[in-house]
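Anchor point for the sequence shown: position 332 equals 388 in my numbering, and the numbering is continuous, going up by one each time.
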Amino acid sequence: MLYRKMPKNGDMLSILGFGCMRLPLKNGKIDEERAIRQIRHAIDKGVNYVDTAWPYHGGASESLLGKALKGGYRDRVKVATKLPSWVIKGREDMDRYLAAQLGKLDTDRIDYYLLHGLNGAVWDTLTGRGVIDFFHQAIEDGRIVNAGFSFHGLAEDFIRIVDAYPWEFCQIQYNFLDQKNQAGTAGLKYAAAKNLGVIVMEPLRGGNLGLATPPPAVKEIWNQAKTRRAPAEWALRWIWNYPEVTVVLSGMNEEAHIEENLSVADTAYANTLTREELEIVEQVSRKYHELMKVECTGCGYCMPCPSDVLIPGCFETYNKMHMFGETETAKFSYAIRMSGILADGKPKYASQCVECGECLDKCPQHIPIPEFLAKVATEMEGPELEKRLAMARKMFHEEQK
Ligand code: SF4
Ligand code: SF4
């Protein structure tokens, strides 16, 4: 495992951090035994930065991490969690949530505490509600060691927030598709020039950049590279190639992916990709931008929808149809998934959207969700939907016999 230094406090952090937003599931809940085993294994292999947040897994992620860090693991890592900015109504809420988080994580301090999901407006609201005083108090009495923020807003607001407080670190969405989106490359460089450590989230864009079998047009480009690498390895190495990046968070839930990421993190030095390799990544980036219709990362922040639309699922199947060109397979998979016939029986179709707008402010990618759902409904549903469902029912009914 390679380590990089936090510029201000000198902490040597593993370049690979363990993100606890997409832990393995069993019967719709975190598979605790497996998740704990995975987290401890990563720590045994050198990971020393673990990241969670209040809302992950419906509030269960922090408690799970607290359990995983028992037995001596707590002191081997830096724990990061986040103040749920959107529920904070006043100064006292900040202390209340932090106290609850310390309890869930069963620890006396949060090493890296972030204001979750800032954009310009959220930052203005939090400062108006006393967040600077909160940091001052919590750092002084040791509940928080380092202050930071995670960001999903406009580039100009990122600069403004970086300049507004003596942050130790920030967390940005960054990957080869987001070079000019949100903080982007300019934001990464700006934060590093101001001596902030930079934690990167969404390195694989909700998994899309790491698909073992990428879309044929993308595969063709990867195949031109002299060095053969899995798509996830390309995506990670591209980020670590920036010396300004301190840690890359990966939401790992498959043992094989954990091993692959750990192995890449052993040798991913900064400034080591060649000009040809960087050009190949640029070509792939351009191709993905052409193919993906909705820039959804599958984060799920827009959920739940009062009309029960499974928003990330709708966009995932829609994007896959456009990326892989297997139209009928994608529509069939949409029909099965959104009908709920293999899950709780409740329909979750894009066409159920009543355009109430409740999801709009929650989306960190600023996707006009109802507008895209209308396109999903037009392209993925239509008169053939019932036929596909009848076929699916027959298929699964027969399988169960
Ligand atoms: S706008 Fe549509 S998708 Fe969004 S919350 Fe309302 S009904 Fe759900
Ligand atoms: S629509 Fe936005 S909030 Fe919802 S899953 Fe996609 S990126 Fe996340």
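Even for Gly, the Cβ is constructed at its ideal location relative to N, Cα and C.
(1) Could you tell me which of L171, I166, L244 sits nearest to R185, measuring between CA atoms?
(2) Starting from R60, trace the alpha helix (DSSP H) both ways and give me its first and last residue.
(3) Beta strand (DSSP E) containing C226: first to last residue?
(4) Residues in the same chain with beta-carbon distance under 7 angstroms from R444, minus the five sequence neighbours each way, listed in chain order, please.
(5) If you compare alpha carbons, which of A324, S119, R93, L72 is closest to P80?
(6) Could you have a look at E454 and say whether DSSP puts it in helix, strand or coil?
(7) DSSP three-state label for N327, please.
(8) Please list, in chain order, all residues with a C-beta atom less than 6 angstroms from at least one heavy atom of ligand 1.
(9) Is I423 a contact residue of ligand 2, with contact defined as CB to any heavy atom under 7 angstroms?
(10) Which residue comes first and which comes last in the alpha helix (DSSP H) that contains D162?
(11) Under 7 angstroms Cβ to Cβ from C412, same chain only, skipping five residues before and after it: list those, please.
(12) Can you look up S363 in the DSSP assignment and give me helix, strand or coil?
(13) By Cβ distance below 7 angstroms, which residues in the same chain neighbour Y129 in space, the five residues on each side in sequence not counted?
(14) Pull up the DSSP beta-bridge partners for A109, would you.
(15) Which one of I277, P368, R284, D400 has the shortest CA to CA distance from N83?
(16) Whose CA, out of G66, D87, L58, lies closest to the CA of G73?
(17) Which residue's Cα is closest to the Cα of L120: N104, G146, K85, I425?
(18) If we ignore side chains and look at the alpha-carbon of each, how far apart do G75 and F207 end up?
(19) Is the number of C-beta pairs between the segment 216-234 and the segment 253-272 that are closer than 8 angstroms three or more?
(20) Can you have a look at T108 and say buried or exposed, based on whether 16 or more other CB atoms are within 10 angstroms of its CB?
(21) Per DSSP, F74 is paired with what?
This is what the structure holds:
(1) Distances from the alpha-carbon of R185 to those of L171, I166, L244 put L171 closest.
(2) That residue, R60, is in no alpha helix (DSSP H); its beta strand (DSSP E) goes 59-61.
(3) Counting along the chain, the beta strand (DSSP E) containing C226 begins and ends at 225-229.
(4) Excluding residues up to 5 positions away in sequence, K387, F388, A391 lie with their Cβ nearer than 7 angstroms to the Cβ of R444 in the same chain.
(5) The shortest C-alpha separation from P80 is found at R93.
(6) Its pLDDT being 49, under 50, E454 is placed unreliably in this model, and the coordinates cannot settle the point.
(7) DSSP places N327 in coil when its eight states are reduced to three.
(8) After applying the 6 angstroms Cβ criterion, the set is C361, P362, S363, V365, I367, C409, V410, E411, C412, G413, E414, C415, I425, P426, L429.
(9) If you check the C-beta of I423 against ligand 2, you find a heavy atom less than 7 angstroms away.
(10) Taken as a continuous stretch (DSSP letters only), D162 belongs to no alpha helix (DSSP H), as it is neither H nor E.
(11) Counting only residues of its own chain and dropping the five nearest sequence neighbours on each side, C412 has a CB closer than 7 angstroms to the CB of P362.
(12) If DSSP states are grouped into helix, strand and coil, S363 belongs with coil.
(13) Excluding sequence neighbours, Y129 sits near R96, I99.
(14) Note: A109 sits in no beta bridge, so no partner.
(15) Selected option, being the one with the closest Cα: D400.
(16) The candidate whose alpha carbon is nearest that of G73 is L58.
(17) Answer by Cα proximity: K85.
(18) So the two alpha carbons sit approximately 16 angstroms from each other.
(19) With a cut-off of 8 angstroms, the segment 253-272 and the segment 216-234 count as touching, because enough Cβ pairs lie within range.
(20) Result: buried.
(21) According to DSSP, which records beta bridges pairwise, F74 is partnered with V106, S306.
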